[in-house]
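Residue numbers (this note's numbering): 2 to 509.
All residues carry an ideal CB built from backbone N, CA and C; glycine is no exception.
Here the structure is laid out as structure tokens; the discussion comes afterwards.
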């Protein structure tokens, strides 16, 4: 009440000043210097629906300070200036990050930069998922669920404690869900939102990317089987969220392979000396000759005595499996290898090739697998099992250019649906994909800072290389606010990036 009285007083002072031809009062916390207004939006009950980005996930964990800095909480703080109500968050129990289920630790701790690289903070997570007091203290306006795919938001069992062991429920949602049978969408609608944010779909492609496209976490189809896929799911989400007249803001999906988790490790980081070159080039050259005889293009590059040789990778999407070709050739002259040796080499290199950095055929190395490069493959002789050099990096360690095509195709299809649905319902829309591309190509300048996607030092991303930093979340919040202002004629002001750190320190 006091807050509203102050706002009315400010408006009246501005009105009187203008009518008296005195110097106009400039409102510092609006985007245009005029009195603050919500425009056509009603922020009384703001509910945020989405995944880890909505929740405020950062540095491989969910923790209190990260949740406070989520882009939706930053937005809610601005909404409060024009009548927005309380924005409740299901805070974790600590700033260590991670959680326990019935006393057993499953996730965490969060990462911090120790001057050399990302390492876990000391301590043990104290957040217990099976704590009914958390749900009882709700409902919570931030319904962001780390790891959620689009269809998970419709699942009535996604918050079930019993479903945790089956892999059908989310520990993050089960912790604050009203009961075992309420979907995330149902949870949001039960609060009768007057305004919502919906940013979902990233995990529908990200899971595939993080697993290197190895098939364990497939891309959600756009149309799906019998019409059940991303498109139908997204229609259901937006139709329901707007069914009672609520307005809202949505965002599209970035090309996930443009984030630091996939762009940090180069495709050509291998140092070799002359003795190694003398051993490897004849082998790879011979296999190129075998391929040429079969009418196939070369797969291996000529290595040099330098530190910029390409990684040897396994490409399971090769259209031609050379296993039999190599096995047969290695048994003949000039090699005359025993059948077992020839068979081993044939199977090892049948779908192997050197990684490419060419624009049209760019491969990407998964950051979480970088530590294996240059180590010896367990169970194999150390003389010929150096990962990335003589032993191909496995399928889950790389995103090949063919897998990139699948990711891009799916993302483009999602984004057509997301934008079309926003236009159809008159919702504010944020082109996150364009924002991420800009971060990766020179960065975005604001408040005296240039925010880029460079790992650790760019200011835009946290130490997991997937989720953004505190400053990155502030940047996203500003972009969402800009879209809201444009669509609903409000004049909310974005926050200053100066007030948001690049990375979280060890101690919070």
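Whole-angstrom C-beta distance between residue j and residue i, which should lie under 8 angstroms
i	j	result
residue 130	residue 178	With a Cβ gap of about 11 angstroms, residue 130 and residue 178 do not count as contacting.
residue 486	residue 255	Residue 486 to residue 255, Cβ: 22 angstroms. No contact.
residue 199	residue 242	6 angstroms
residue 480	residue 431	5 angstroms
residue 48	residue 189	5 angstroms
residue 202	residue 171	Residue 202 to residue 171, Cβ: 16 angstroms. No contact.
residue 271	residue 484	In fact, because the Cβ distance is near 44 angstroms, the residues do not count as touching under 8 angstroms.
residue 1	residue 89	Residue 1 lies beyond the residue range present for the chain, which begins at 2 and ends at 509; the question has no answer from this structure.
residue 467	residue 461	Their Cβ separation, rounded to whole angstroms, is 12 angstroms, which puts residue 467 and residue 461 out of contact at 8 angstroms.
residue 232	residue 245	Wrong, their Cβ atoms sit about 23 angstroms apart, outside the cutoff.
Assigned secondary structure, residue i (DSSP; H/G/I helix, E/B strand, else coil)
i	result
residue 121	strand
residue 468	coil
residue 93	coil
residue 53	helix
residue 58	coil
residue 395	coil
residue 173	helix
residue 326	helix
residue 198	strand
residue 204	helix
residue 457	coil
residue 235	helix
residue 23	Residue placement at residue 23 is flagged as unreliable, the pLDDT there being 42, under the threshold of 50; the coordinate-derived value follows with that caveat. Here residue 23 sits in coil by DSSP.
residue 129	strand
residue 226	strand
residue 308	coil
residue 493	strand
residue 220	coil
residue 48	strand
residue 387	strand
Contact test: residue i Cβ vs the ligand GDP heavy atom, cutoff 7 angstroms
i	result
residue 274	For the structure depicted, the ligand GDP is absent and the ligand set is empty, with no information on it obtainable.
With 16 other Cβ atoms within 10 Å as the buried cut-off, status of residue i
i	result
residue 515	The chain is shown only over 2 to 509; residue 515 falls outside these bounds and no answer can be derived.
residue 168	exposed
residue 503	buried
residue 336	exposed
residue 499	exposed
residue 29	exposed
residue 354	buried
residue 183	buried
residue 327	buried
residue 442	exposed
residue 27	exposed
residue 41	exposed
residue 506	exposed
residue 159	buried
residue 283	exposed
residue 293	exposed
residue 107	exposed
residue 380	exposed
Endpoints, the beta strand (DSSP E) within which residue i is located
i	result
residue 430	429 to 431
residue 313	313 to 315
residue 368	No beta strand (DSSP E) holds residue 368; DSSP gives it neither H nor E.
residue 106	105 to 108
residue 447	445 to 447
residue 451	450 to 452
residue 501	Premise fails: residue 501 is in no beta strand (DSSP E) and is neither H nor E.
residue 353	353 to 355
residue 321	Careful: residue 321 lies outside any beta strand (DSSP E) and carries neither H nor E.
residue 101	100 to 102
residue 114	112 to 114
Extent of the continuous alpha helix (DSSP H) run through residue i
i	result
residue 301	Segment: none, residue 301 is in no alpha helix (DSSP H) and carries neither H nor E.
residue 344	340 to 350
residue 414	402 to 426
residue 186	185 to 190
residue 1	Nothing can be reported for residue 1, as the shown portion of the chain is limited to 2 through 509.
residue 74	72 to 80
CB contact below 8 angstroms: residue i versus chain B
i	result
residue 307	The chain labelled as chain B is not found in the depicted structure, where only one protein chain is given.
Where are the beta strand (DSSP E) runs, 3 residues long or more, that stay fully inside the segment 136 to 168, in chain order? 143 to 145
4-residue-minimum alpha helix (DSSP H) runs that sit fully inside the segment 249 to 274, ordered along the chain: 261 to 264
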